[in-house]
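Going line by line, the protein sequences match chains A and B.
Just so you know, we're using our numbering here: the first sequence kicks off at 7 and counts up by one.
Just so you know, we're using our numbering here: the second sequence kicks off at 7 and counts up by one.
Don't be surprised by glycine CBs; every beta carbon is placed ideally from N, CA and C.
There are 2 protein chains.
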Amino acid sequence: MKKDKLSTEPYKGVRDFYPRDMFVQNYLFDTMREVAERYGYQEYSASILEPTELYEAKSSEEIVSEQTYTFLDRGDRSVTLRPEMTPSVARMVAAKRRELGFPLRLYSIPNVFRYERPQRGRLREHWQLNCDIFGISEFEADTEIILLASEIMKAFGAKENDFEIRIGSRNTLEVLDMKLIKRGISEMDRKQIRSLLDKKGKMPEDERQKEIERLAGGKIEPQESDDSKEIRRILSDLGIANVTFDFNVVRGFEYYTGMIFEVFDTSPDNNRSLFGGGRYDNLLDIFGAEPVPAVGFGMGDVTMRDFLETHKLLPPYVPSTDLYMAVLGNEHVGAAHAFSEKLRAQGLNVAIDYSARKVADQIKAADKLGIRFVTFVGSDEVASKKYTVKNLKTGEEKELEESAVGDFIWTQEM
Amino acid sequence: MKKDKLSTEPYKGVRDFYPRDMFVQNYLFDTMREVAERYGYQEYSASILEPTELYEAKSSEEIVSEQTYTFLDRGDRSVTLRPEMTPSVARMVAAKRRELGFPLRLYSIPNVFRYERPQRGRLREHWQLNCDIFGISEFEADTEIILLASEIMKAFGAKENDFEIRIGSRNTLEVLDMKLIKRGISEMDRKQIRSLLDKKGKMPEDERQKEIERLAGGKIEPQESDDSKEIRRILSDLGIANVTFDFNVVRGFEYYTGMIFEVFDTSPDNNRSLFGGGRYDNLLDIFGAEPVPAVGFGMGDVTMRDFLETHKLLPPYVPSTDLYMAVLGNEHVGAAHAFSEKLRAQGLNVAIDYSARKVADQIKAADKLGIRFVTFVGSDEVASKKYTVKNLKTGEEKELEESAVGDFIWTQEM
C-alpha cells in the first residue's frame, strides 16, 4: 500500500499555512474579531459540512450544481462543503428563534469552498468574516453594518481615501426592471442586464455600456431610491464621507431585499471590489420560520490580504516564541529546563534546543525560526548564573544576571 | 426549487456553535494555545481537504475505506476530509525541510472528520489540538511533549491526581511480538492481541484477559523497555509524578516507532482515555524525504469538554459584549451612537438596541443575550448627561455621569 514519493503539495487551490502565513492570518482574524466585538457582535460557528438542500433553496442553481463540493455520504445523503456562511447562520437563527435575544448580532470567520478552475488569485478555499444583525428592519441596522465594515478597514490602517463604499438598492433595481418590462425587454435579457451591471470594473467599460444599451434598447439611467438616500444621509451624520450611490451594485439579486453595498479599493494598482453585503429580510422563510429582518456582509481573507499588501499595511512577522535557548552540551539540559521554566513563569515563550549541536548551528536554527533572542546555557553560565542574551536582528549581545533576563526581553520587545 | 420547511438541524454528527458554545470552545482553544506557545510551539494550519493518497500510505485501510469522508472532485481526483492532522503536518514539514529550523515545534487546532454511525458522544466532526516537535531523536523531545500535555491539563485547573499519564513503548510491544512468534502465534492473532491490549478499559477486563490468554496460548507479561524507563526517570526529575508504565498503551502500531502515551481521567465517573500520542520517526518516508524524528500528541475538544464538565472546571459564560444600550425612542439613536462610540474608545464592547420597544422588552433581550450591564438613553439622560447602569445579574442600579460609565463597568468586571 505504501507508495514512494507521495507529493508534498496540498490539494489544488487550497493553502498550507506555515507559522509565517499563520501570523498574517491571525493578524487579519484578530483585527476583524476585535472590531466586531466592539460593536456587540458575538461569535458563532457551524460545521463546514451542510445538507445540500440548504443551498438549493436560495443560491443560484449555477453555484450549487457547478461550483460547490457536493457528494453523497456513506448513508446516501447529499452533503456540501459550505460555499458561503449565510445559509448556515440563517438556519441557526431559525432553529432557536425564541431563545435568542434580538437585535442579535453575530459574527464568524469560517472557511468556505468553491470549486473553481485553479488560476492566479482564484482559490478553492478561503476564509471569510461574516457579520450579521438580525431583528432590525430600520435603516440603523443597515448603517451600523456599513459603519462596522468601515471601522474594520480603519483598524487595518486604511485611510478613508484608500477605499470607497458604493451603495445600491434592490428598490432601484426593481424600478429599473419595471421600466425595462414596459420597454418589452424579456426576462432573460433583464437578468443579463443585471449581470452586466455587476460586471462594472471586471470588463472593458465601453464594451459593457454598449452591451447594456443593446439589451435594454437604449440608455438606462436608474434613479437612486429613497432607502439608499436615507442610508447615505445617516452615514454622513455618522461622519463617514467615502460613500457614493452606484446602481451597478447588484450582487445576489435572489438574495438581497433592500440596501446592497460594496467596498472598493481606490488604489489604481488594485482597483476592485474588496467585499460587500446587504439586507436580506426573507432568508428565514425557507425554514418556514416567521420572517426576521437581517443585514450583513462577508469579507474574504485573500482579498483583504491583497489590499493590505498593496497599501503596505501588513505588520512584519513576529513569532510567538520570544527566546531560543541554545544548550552547550547534553549535561546542561536540566539547567536549561529549570531556567526556561522561570522565564515561562514570567510570561515568556521559550524554546529549548536539545540537539547539542555546535552553537553556530543552534543560532542558525533560531534565525530560521524567526526568533529574535537567543541565550546560551553552558558550564560557565550555570556556574556564574550570568547569561548572554543575543538579539539576532541587531547582533547586539548583553550579559545579564539570571533574574534580569526576563525583564530585559520584555523591555526590548515593547 | 424553493421548498417549504427546510430542516433547521445541522448535518448529523456535527455541531452548531451558538455564542455560549463558542465561549467554551474559545476557552478550550485559548488555553491550549497559550500553553503550547509558552513552550515555543508555533501555529500552523492546512486545508481540511487533502488528496486521499495522503492517508492510504500510513493509516489503517479500515479507517480510509470505511471511516473517512472520501469523494471524487469535479476533476475526478479523490479527496478526503482529513480524519487526523499528522499526515498534513508531515507533508508540510517534508515540503520545506530545508527552509525550516529544527527543532521545529508546531501546533494547530484543526477540525477533523470521521464517518461514524451517529451515537451518543460519537461525533463525526471534532476539533483537536495537535502539538509536534520535529528534529530531536533524544528522549528530551518525548519528555517535553508529555510535560506540555501535563501543563495543558494543569492550565485547565486539573490537579495531578485528576489524571494519570500511562507510558508504553513500541519496543515493549516488539519484544512481546517476538516472544509470541516463538510460541508460534500467527500474525493475525498477534494483531488481535495488540488490539485487545488497546481495549483496556473499553471492555470487561476479565473478558479481555481471557481472550488475550486464549490467543497468546497463555499469560503474557511484557517487561518495560529501556526507553520508557529512561523517559519516566526524566519526567520524575521534571517533577511530574502521575506517570506509570502500562504495556497496554498501543494506539496506532503502524505509526509509532518509540514511546507511546495516553492520559487517563482518574475520576470513577469518567474513567477513560482522554488523549495521547507518541514518537513517529518514519512518517516523512512516504514523501521520499530524509527521515525526521518526531514526537507529538492530539487532544480532542469533545473529550476535554467532558473532562472539564466532570471535574467542574468549566468557567461560567461571559459574553464578549460588556454593555447593552437601551434606546427610549427613535429620536435618541444619534445620542446613543455618540455615547457608545465614547465607551468603545475606552475599550468596551457595546451593543445598541434600535428597536424602540418598551424598555422592559429591551432589558429582556439583553438578558437573553447574557449581557451583564444595561444603560438607558432617553430625553432625561441626554439632557442631564447622567446615565443609569443596571447590573442584570444582581439587579443593582447606579446613576453615573456620562464620563464615569466606562470606568464603572471596567471596575465591576474585574
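Am I right that residue i and residue j are in contact with their C-beta atoms under 8 Å? What's the rounded C-beta distance?
{"i": "A:Arg111", "j": "B:Ala357", "result": "6 Å"}
{"i": "B:Glu166", "j": "B:Ala247", "result": "6 Å"}
{"i": "B:Arg214", "j": "A:Asn355", "result": "Actually they are not in contact, since the Cβ atoms of B:Arg214 and A:Asn355 sit about 43 Å apart, beyond 8 Å."}
{"i": "B:Arg97", "j": "B:Leu60", "result": "6 Å"}
{"i": "A:Gly282", "j": "A:Arg257", "result": "6 Å"}
{"i": "A:Phe77", "j": "B:Phe119", "result": "The Cβ separation is near 12 Å, so there is no contact."}
{"i": "A:Ser53", "j": "B:Pro16", "result": "6 Å"}
{"i": "A:Gly335", "j": "A:Ala362", "result": "6 Å"}
{"i": "B:Gly19", "j": "B:Arg130", "result": "3 Å"}
{"i": "B:Val143", "j": "B:Asp287", "result": "Reading the sequence as shown, one finds Ser at residue 143 of chain B and not Val. With 8 Å as the limit, B:Ser143 and B:Asp287 qualify as a contact, their Cβ atoms being about 7 Å apart."}
{"i": "B:Thr149", "j": "B:Ile240", "result": "4 Å"}
Does chain A have any CB closer than 7 Å to the CB of residue i?
{"i": "B:Met305", "result": "no"}
{"i": "B:Lys205", "result": "no"}
{"i": "B:Ser53", "result": "yes"}
{"i": "B:Lys8", "result": "Since pLDDT at B:Lys8 reaches only 44, below the 50 mark, its modelled position is unreliable, and the value read off the structure follows with that caveat. Chain A, which has a Cβ nearer than 7 Å to the Cβ of B:Lys8, makes this yes."}
{"i": "B:Gly46", "result": "yes"}
{"i": "B:Ala332", "result": "no"}
{"i": "B:Ser201", "result": "no"}
{"i": "B:Glu40", "result": "no"}
{"i": "B:Arg97", "result": "yes"}
{"i": "B:Asn177", "result": "no"}
{"i": "B:Glu90", "result": "no"}
{"i": "B:Glu49", "result": "yes"}
{"i": "B:Met209", "result": "no"}
Quick one: which chain B residues come within Cβ less than 8 Å of residue i?
{"i": "A:Glu105", "result": "Lys374"}
{"i": "A:Lys102", "result": "Tyr24"}
{"i": "A:Met194", "result": "Chain B residues near A:Met194: none, gap ~17 Å exceeds 8 Å."}
For a contact defined as C-beta to C-beta under 8 Å, what are the partners of residue i on chain A?
{"i": "B:Leu60", "result": "Leu12"}
{"i": "B:Ala371", "result": "Gly107, Phe108 and Pro109"}
{"i": "B:Met184", "result": "Correct list: empty, because the minimum Cβ distance to chain A is about 23 Å."}
Compare the C-beta of residue i with all C-beta atoms of chain B and state if any pair is closer than 7 Å.
{"i": "A:Pro57", "result": "yes"}
{"i": "A:Arg80", "result": "yes"}
{"i": "A:Glu131", "result": "yes"}
{"i": "A:Tyr121", "result": "yes"}
{"i": "A:Val2", "result": "Only positions 7 to 420 of chain A appear in this structure, which leaves residue 2 of chain A out of reach."}
{"i": "A:Met265", "result": "no"}
{"i": "A:Ala357", "result": "yes"}
{"i": "A:Glu43", "result": "yes"}
{"i": "A:Glu419", "result": "no"}
Taking C-beta pairs closer than 7 Å, name the residues in chain A that residue i reaches, listed in chain order.
{"i": "B:Val85", "result": "Tyr17"}
{"i": "B:Val380", "result": "The contacting residues do not exist; B:Val380 stays about 12 Å from chain A at best."}
Along chain B, in chain order, which residues have C-beta atoms closer than 7 Å to that of residue i?
{"i": "A:Pro299", "result": "The premise fails here: A:Pro299 is roughly 11 Å from chain B at the closest Cβ pair, so nothing lies under 7 Å."}
{"i": "A:Tyr360", "result": "Pro109, Ile142, Glu144, Glu146 and Ala147"}
{"i": "A:Glu236", "result": "By Cβ distance, chain B contributes nothing, its closest Cβ being about 13 Å from A:Glu236, past 7 Å."}
Mind pulling the chain B residues with CB within less than 9 Å of residue i?
{"i": "A:Tyr75", "result": "Leu55, Phe77, Asp79, Arg80 and Val85"}
{"i": "A:Val422", "result": "Residue 422 of chain A cannot be examined here, being either before or after the span of chain A that is shown, 7 to 420."}
For a contact meaning CB atoms closer than 9 Å, what does residue i contact in chain A?
{"i": "B:Glu260", "result": "What B:Glu260 touches in chain A: nothing, since even the nearest Cβ is about 10 Å away."}
Kindly examine the ligand MN and report whether one of its heavy atoms sits closer than 6 Å to the Cβ of residue i.
{"i": "B:Thr149", "result": "Summarising the ligand content, the structure contains no ligands, and the ligand MN is consequently not present."}
Residues within the stretch 338-351 of chain A neighbouring chain B, beta-carbon criterion of under 8 Å
Val339, Gly340, His343 and Arg350
What are the residues in the stretch 282-295 of chain A lying within 9 Å of chain B by C-beta distance?
Asp291, Ile292, Phe293, Gly294 and Ala295
Should the stretch 343-360 of chain B be called in touch with the stretch 305-320 of chain B, which here means at least 3 C-beta pairs below 8 Å?
no
Any C-beta of chain A within less than 8 Å: which residues of the stretch 105-119 of chain B qualify?
Glu105, Leu106, Gly107, Phe108, Pro109, Leu110, Arg111, Leu112, Asn117 and Phe119
In chain order, what residues of the stretch 244-257 of chain A put their CB closer than 8 Å to some CB of chain B?
Leu244
Assess, as a yes-or-no matter, whether the stretch 265-274 of chain B is touched by the stretch 160-176 of chain B under the definition of 3 or more beta carbon pairs within less than 8 Å.
yes
In chain order, what residues of the stretch 141-166 of chain B put their CB closer than 8 Å to some CB of chain A?
Gly141, Ile142, Glu144, Glu146, Ala147 and Glu150
Is the stretch 374-385 of chain B touching the stretch 324-336 of chain B in the sense that three or more CB pairs, one from each, lie closer than 8 Å?
yes
Count the CB pairs spanning the stretch 80-99 of chain A and the stretch 298-312 of chain A that are closer than 8 Å, and state whether there are at least three.
yes
Spell out a yes or no on whether the stretch 27-46 of chain A and the stretch 77-86 of chain B are touching, meaning 3 or more CB-CB pairs, one atom from each, closer than 8 Å.
no
Pairs of beta-carbons, one from the stretch 230-240 of chain B and one from the stretch 200-213 of chain B, closer than 8 Å: are there three or more?
no
Mind listing which residues of the stretch 316-329 of chain B have their C-beta closer than 7 Å to chain A's C-betas, in chain order?
Pro325, Ser326 and Thr327
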